[in-house]
Every structure is written in C-alpha cells, then in structure tokens.
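**Student:** Just dropping this structure here.
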Amino acid sequence: MTQRVGIFGYPLGHSMSPALQQAALDEYALDALYEAWPTPPDRLAEAVAGLREPGCYGANVTVPHKEAVMGMLDRLDQQAEAIGAVNTIVTESDGKLAGYNTDIYGFLASLSSEAGFDPAGKRVVMLGAGGAAKAAAFALVEGNVASLDIANRTVARAEALIAELRSNGAETSAFAIDSTGLADRCANADLIVNCTSIGMRGSPSPDASPLLDGAIQPGCLVYDIVYNPEVTPLLAQAEEAGARTLGGLPMLVYQGAAAFEKWTGMSAPVEVMMAAARRAMEEQTR
Ligand code: NAP
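Note that the working numbering gives residue 33 to position 29 of the sequence shown, counting from 1, and the numbers run on in steps of one.
Dropping the structure here:
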C-alpha cells in the first residue's frame, strides 16, 4: 500500500516541502507519496483525523495551523509543548497521533552544519518575535547563549517572548527594531538572526533590510531564516560589511530531515533534500 504523507496549511502557496520530502522518499525508493493538502481552518480537525487511517506516515503543519492542531493530537513532545506549536505529526502504529516541533532542530542543525557555529557563550541579537522567532529563541537558550536581545516592531511581543523563555542563565532584553540601543547590541553581537519577514519575496517589504547600514560588524555571523530569495537584502548588506552569512534554506531542509526520520525511521538524505529544495526554488523564481 502506498504510504501517504503531506503538509497542512492555508493557503499553501508554493510550499517547498513536497519537493524536498518526495526527493528523500524516492532516494530510498519508498512506496510513498508526499502531497500538498491545502486545508482551511474549519476542515482541519477532519483532515487530521484522516491521518489515523492505515497507510499514513503523518504530516507537516504550517501557517495558520501550528497552534490549533495541538488539541487534535494524542500526545506532544516536550519541545512542541514548550513552544506551543507543532510542525510535524507522526501516525504511530496504533493510529495514535504524536506532535513534534522540528524547527528547533532545524535552526540549530543549520547553524552547526552549515556555519560551524556553536551558540554556547555567544551574544545574539534576534530580529522578530513571531512564530519562527519563538522556535529560534528556544533553540538559542537551549544552546546556552550568553545573551539574547530580541528586537521587534511590536516591542510588547518581544517582551512577551522573553517572559516565556526559561532563560537558562542568558541575559535577555527586548528592543524596538528601530531603536538606537539596538545598533550597540548589533555592534557587539557574535550572531544576528533575522526572523522577521522583511526581505522575503512576496512580502510587503521584499527589497528592505531590517538593519540600517553600518549596523553589521565584520566579525559577526548574520543568519537570515528567510529562504526566498536565497540572498536577501540583509545577507547582501552583511556580505558588503565583511560578515559571514547563512541563508534560510538549510533550516527548512533540516527541519524536514528531522520529520522524515520520525516518519520513516531512516536517516534523511540531507544533500538530496537540499538539492531538491534549491531546484524547487529556482523553478518558483523563473
Ligand atoms: P510571523 O509569526 O507572522 O512573524 C512575523 C515577524 O516579522 C514579526 O516579528 C513581525 O513583527 C515582523 N514583521 C513583519 N513585517 C514587518 C515590517 N514591515 N517591519 C518590521 N517587522 C515586521 O511569521 P513567522 O512564521 O515567524 O515567519 C517569519 C519569516 O521566517 C518568514 O519570512 C518565513 O518565511 C521565515 N521562516 C523560515 C523558516 C525556515 O525554515 N527557514 C521557518 C519558518 C519561518 P510584529 O510582531 O511587529 O508584527
């Protein structure tokens, strides 16, 4: 029986997950099909219940369902519970549904494998305080950063995120994204991470960088989790400043790799998934 697996979201737009997951399934010649399942909120419970049927690995979950889906599952792993969001559902052998969040793994694995960066003891400035920022902030605190400054357009949201983090000894503070204090923090940062949608193709601000010119110092690693385009305005600005850069595609691939391993019990072919994601992005931008 062909195994089913797919992604719930609404609208789904051009999700890259079908391309990178199908490439991984095909690499092992598994009889399995990964599909896009655009699902409006009022159909989500019914669609999730369908995962209990035989012949299903589970699903990925994206915007706007990552929180709502939690109440439809039988159990949640610790990280999903801590972040309050699920991006991967696994159908277990008895039909029970388990919820995971593989974004934390995707964030840390991309930092370590692609940039050789260990967050322990580092000073980090994070831009943004939405869903992706939350996973990144939990990951950084888990990785024992020395300090984490969160800057956001809506400062109250950055403050709320800091209040939710068990800071693990890290110094934390919230800033407005356009504050002068932020420039000092950036000047002393080992890592600057953009988790806003500024610079994303198709967003209201595709040509903008979240930072002013001069804010980035050469010794810093600048990580933009926006993956489309591959070189965002922030990354171009960082390259010009002589800083090291990391784009968002590896995070997408590593969170997908962790989901693949949970569904199949097999080691994810990361290089194959990365190449498939790059091809899918090139096709989208053609
Ligand atoms: P979200 O929950 O909607 O959060 C959006 C964030 O961007 C908020 O902090 C928001 O600030 C800020 N923002 C949006 N427009 C802004 C503007 N014009 N000026 C200043 N700040 C602005 O979105 P999300 O799910 O966290 O996703 C954020 C980005 O990360 C997206 O581009 C997404 O594609 C990317 N992402 C990448 C991966 C990956 O695997 N690489 C995974 C997840 C997400 P306010 O709070 O003030 O509104």
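C-beta atoms are modelled at their ideal positions from N, C-alpha and C, and glycine is treated no differently. Quick caveat, the model's predicted, so the values are computed rather than measured.
By the DSSP assignment, the beta strand (DSSP E) with C60 in it spans what residues?
**Tutor:** Element bounds for C60: C60 to V65.
**Student:** Measuring CB to CB, does F121 end up less than 8 Å from L195?
**Tutor:** For F121 and L195, yes; Cβs fall inside 8 Å.
**Student:** Excluding the 5 residues flanking I229 on each side, which residues of the same chain have their C-beta closer than 8 Å to its C-beta?
**Tutor:** So the list reads F111, A136, A140, V197, N198, C199, G252 and M255, once near-sequence residues are dropped.
**Student:** Here's the rule: buried if 16 or more other CB atoms are within 10 angstroms of the residue's CB, otherwise exposed. What is K70?
**Tutor:** When all chains shown are included, K70 counts as buried.
**Student:** Is DSSP giving I87 helix, strand or coil here?
**Tutor:** The answer is helix: DSSP assigns I87 an H, G or I state.
**Student:** Let me know if Q82 comes out buried or exposed under the rule of 16 or more other beta-carbons within 10 Å of its beta-carbon.
**Tutor:** Burial call: exposed.
**Student:** Is G132 near the ligand NAP - that is, is its Cβ less than 7 Å away from at least one heavy atom of it?
**Tutor:** The answer is yes for G132.
**Student:** Compare the C-alpha of V115 against each of V257, A279, R290 and I202 and name the closest.
**Tutor:** A quick correction: the sequence has Leu, not Val, at residue 115. Measuring from the Cα of L115, the nearest candidate turns out to be V257.
**Student:** Quick one: is the Cβ of L225 within less than 7 Å of any heavy atom of the ligand NAP?
**Tutor:** L225: no, Cβ never under 7 Å from the ligand NAP.
**Student:** Which residues mark the beginning and the end of the beta strand (DSSP E) in which A272 is found?
**Tutor:** Neither: A272 is in no beta strand (DSSP E) and is coded neither H nor E.
**Student:** Taking 7 Å as the line, does the beta carbon of I181 fall inside it for any heavy atom of the ligand NAP?
**Tutor:** Under cutoff, so the answer is yes.
**Student:** Under the criterion of a Cβ to heavy atom distance below 7 Å, does I229 qualify as lining the ligand NAP?
**Tutor:** Indeed, a heavy atom of the ligand NAP lies less than 7 Å from the Cβ.
**Student:** Drop a sphere of 10 angstroms on the beta-carbon of S97, count the other beta-carbons inside from all chains shown, and report buried for 16 or more, exposed for fewer.
**Tutor:** With fewer than 16 Cβ atoms within 10 Å of its Cβ, S97 is classed as exposed.
**Student:** If you compare alpha carbons, which of L238, S19 and V128 is closest to A212?
**Tutor:** Checked all of L238, S19 and V128; the closest Cα to A212 is L238.
**Student:** Of the choices M270, R127 and Q259, whose alpha-carbon is the least far from that of D188?
**Tutor:** The candidate whose alpha carbon is nearest that of D188 is R127.
**Student:** Mind checking whether the beta-carbon of D153 lies closer than 7 Å to any heavy atom of the ligand NAP?
**Tutor:** Not so, every heavy atom of the ligand NAP lies at least 7 Å from the Cβ.
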